[in-house]
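Here the structure is laid out as structure tokens; the discussion comes afterwards.
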Amino acid sequence: MYEEWIPIVLFLCIAACLIVFLYLRHLGQVRKMDTVLKLAEHGGQVTDQMLQLLGENNKAVNDMRKGLILIAISLPVILGFIVQGNWTAAIFVGGILLCAGLAYLVVMKYGNSHQGGRQELD
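Start counting the sequence shown at 1; every next residue gets the next number (UniProt numbering).
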């Protein structure tokens, strides 16, 4: 009787997680802009170096973290589907997560070509 609610609740939970993530990211951006605005209002200089420090989200360490997290999530997902005998879901769902994690690691290693490439981790 209540089995039809399982996919509905699943999609609602996924949507709620996505909305919370986007909202928190938006709040972070608003706080960064408030910092720059307050600094400019009080006569401080807004330099390129300061703006670069506020936008430090594109570091190689962050790409490595995202890649390792996605790979760490993909392995139990793949193993869980294989144990259930659902090879197609293991390849599809786990493979997407695994490929995304590997892509982040490749970006961390080789960097962005039009920025001169990212530096190696120290």
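No residue lacks a Cβ here, since even glycine has one placed at the ideal position from N, Cα and C.
Note that the structure is predicted; figures quoted are calculated from it, not measured.
Contact annotation: the segment 69 to 83 does not touch the segment 22 to 42, with fewer than three C-beta pairs closer than 8 Å. The beta-carbon distance between L70 and G111, rounded to whole angstroms, is 19 Å. This is too long to meet the 8 Å contact definition. Non-local beta-carbon contacts of L54 in its own chain, meaning distances under 8 Å to residues more than five positions away in sequence, involve K32, T35, V36 in chain order.
If you draw a straight line from the Cα of Q84 to the Cα of I73, it is about 17 Å long. Secondary structure of Y104 (DSSP, three-state): helix.
Inter-residue distance for L22 and G95 is about 25 Å (C-alpha atoms, whole angstroms).
The criterion of a C-beta distance shorter than 8 Å is satisfied by M64 and L105. Per DSSP, the continuous alpha helix (DSSP H) segment holding Y23 begins and ends at 5 to 41.
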